[in-house]
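Numbering (this note's numbering), first residue to last: 414 to 549.
See below:
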């Protein structure tokens, strides 16, 4: 359950990052730039990107994803897939800090979706989406 919660938190951070990007673009385009607000939104964007990186690294990579024996092809394949997707998440989160390119948010969303499928069993996903009232 806490694993699902972490995934939802990442998605919430992504929504905040996207909102911040739009605010930064709007504020930057204004005739008179409100630098205080601009700095606040840049800080917000960076803060939420850091929180995503923290969940990927400190929670999933170090506590939840368990190393697998390379001799066990299926388990090892799953392990490598999960690590690869977590690494991608870290990179896209970093890229959201560097610009207001919303396509990075979209790529991060897609990576989170892929990670969710690679991490949870189909039964867990099914149960979770019923629980949330989602229909994916």
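Backbone N, C-alpha and C define an ideal beta-carbon position, used for all residues, glycine too. Bear in mind that the values here come from a model prediction, so they are computed numbers and not experimental data.
Alpha carbon to alpha carbon, how far is residue j from residue i? Give it in angstroms, no decimals.
{"i": "residue 532", "j": "residue 442", "result": "41 Å"}
{"i": "residue 541", "j": "residue 417", "result": "8 Å"}
{"i": "residue 505", "j": "residue 517", "result": "6 Å"}
{"i": "residue 534", "j": "residue 444", "result": "52 Å"}
{"i": "residue 491", "j": "residue 524", "result": "15 Å"}
{"i": "residue 549", "j": "residue 460", "result": "Note on residue 549: pLDDT 40, under 50, position unreliable in the model; no value is reported."}
{"i": "residue 466", "j": "residue 431", "result": "16 Å"}
{"i": "residue 469", "j": "residue 421", "result": "12 Å"}
{"i": "residue 454", "j": "residue 488", "result": "42 Å"}
{"i": "residue 433", "j": "residue 447", "result": "14 Å"}
{"i": "residue 462", "j": "residue 481", "result": "29 Å"}
{"i": "residue 538", "j": "residue 424", "result": "16 Å"}
{"i": "residue 503", "j": "residue 513", "result": "17 Å"}
{"i": "residue 526", "j": "residue 419", "result": "13 Å"}
Let's see if you can read the secondary structure: which residues bound the alpha helix (DSSP H) around residue i?
{"i": "residue 463", "result": "448 to 467"}
{"i": "residue 526", "result": "515 to 532"}
{"i": "residue 472", "result": "Here residue 472 belongs to no alpha helix (DSSP H), and DSSP marks it neither H nor E."}
{"i": "residue 444", "result": "Here residue 444 belongs to no alpha helix (DSSP H), and DSSP marks it neither H nor E."}
{"i": "residue 481", "result": "Residue 481 -> no alpha helix (DSSP H), and no H or E assigned at all."}
Buried or exposed: where does residue i fall if 16 or more other Cβ atoms within 10 Å of its Cβ makes it buried?
{"i": "residue 529", "result": "buried"}
{"i": "residue 415", "result": "exposed"}
{"i": "residue 437", "result": "buried"}
{"i": "residue 479", "result": "exposed"}
{"i": "residue 495", "result": "buried"}
{"i": "residue 486", "result": "exposed"}
{"i": "residue 493", "result": "exposed"}
Which residue's Cα is closest to the Cα of residue i: the options?
{"i": "residue 519", "options": "482, 427 and 537", "result": "427"}
{"i": "residue 476", "options": "499, 462 and 439", "result": "499"}
{"i": "residue 521", "options": "456, 497 and 483", "result": "497"}
Residue i and residue j look like a contact to me (Cβ under 8 Å); what is the Cβ gap, rounded to whole Å?
{"i": "residue 510", "j": "residue 435", "result": "Rounded, the Cβ-Cβ distance is 16 Å, inconsistent with contact."}
{"i": "residue 450", "j": "residue 440", "result": "6 Å"}
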